[in-house]
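Start counting the sequence shown at 1109; every next residue gets the next number (the numbering used here). Backbone N, C-alpha and C define an ideal beta-carbon position, used for all residues, glycine too.
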Amino acid sequence: MFDRLSPYAPQALAVLRIVVALLFVLHGTQKIIGFPASDMTPPLMSLFGLAGIIEIVAGLLILVGFFTRPAAFIAAGEMAVAYWMAHAPGSLFPALNGGDAAIMFCFVFLYLVFAGPGAWSINKK
């Protein structure tokens, strides 16, 4: 029954890529320009500032499907570093240390490294 959905896998992958990229860009704009509203306004030349720049640039590249694989690789690495540096020291459990989003971003981006951008992208393969 679900086999009939298989032809739509490239479009489903594209929807996943677009939605995750939009969320990632918002994390970056929150750090860099304070939108959506946030108490966090790190200096641009800091580790959090660099993270914000990576989130905006890689997120936009992934969003439009341009250099998706290298951008997703960098984004996955950033999220792994974010988890182990900022979240894991607080607790072993992601639900307690607030790192569940970092883990999810990391593994979705890692999947995009291998799967590619899917449909509706500037670089289709």
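Which class does residue i belong to by DSSP, given the choice of helix, strand or coil?
{"i": "residue 1129", "result": "helix"}
{"i": "residue 1228", "result": "coil"}
{"i": "residue 1150", "result": "coil"}
{"i": "residue 1141", "result": "coil"}
{"i": "residue 1199", "result": "coil"}
{"i": "residue 1193", "result": "helix"}
{"i": "residue 1187", "result": "helix"}
At what residues does the alpha helix (DSSP H) containing residue i begin and finish?
{"i": "residue 1223", "result": "1208 to 1223"}
{"i": "residue 1175", "result": "Run containing residue 1175: none; DSSP gives neither H nor E here."}
{"i": "residue 1203", "result": "1202 to 1205"}
Around the C-beta of residue i, are 16 or more other C-beta atoms found within 10 angstroms, so that it is buried, or is it exposed?
{"i": "residue 1153", "result": "exposed"}
{"i": "residue 1206", "result": "exposed"}
{"i": "residue 1220", "result": "buried"}
{"i": "residue 1127", "result": "exposed"}
{"i": "residue 1217", "result": "buried"}
{"i": "residue 1129", "result": "buried"}
Beta carbon of residue i, beta carbon of residue j: below 8 Å?
{"i": "residue 1136", "j": "residue 1176", "result": "no"}
{"i": "residue 1183", "j": "residue 1164", "result": "no"}
{"i": "residue 1179", "j": "residue 1188", "result": "no"}
{"i": "residue 1186", "j": "residue 1159", "result": "yes"}
{"i": "residue 1112", "j": "residue 1173", "result": "no"}
{"i": "residue 1150", "j": "residue 1156", "result": "yes"}
{"i": "residue 1132", "j": "residue 1213", "result": "yes"}
{"i": "residue 1211", "j": "residue 1202", "result": "yes"}
For the ligand FMN, is there a heavy atom less than 7 Å away from the beta-carbon of residue i?
{"i": "residue 1137", "result": "Absence of the ligand FMN is noted for the structure shown, with no ligands found whatsoever."}
On the three-pair Cβ rule with 8 Å, is the segment 1117 to 1127 touching the segment 1212 to 1231?
Result yes; three or more Cβ-Cβ pairs closer than 8 Å.
Answer yes if the segment 1137 to 1147 comes into contact with the segment 1193 to 1203, meaning at least three C-beta pairs across the two stretches below 8 Å, and no otherwise.
Touching, no.
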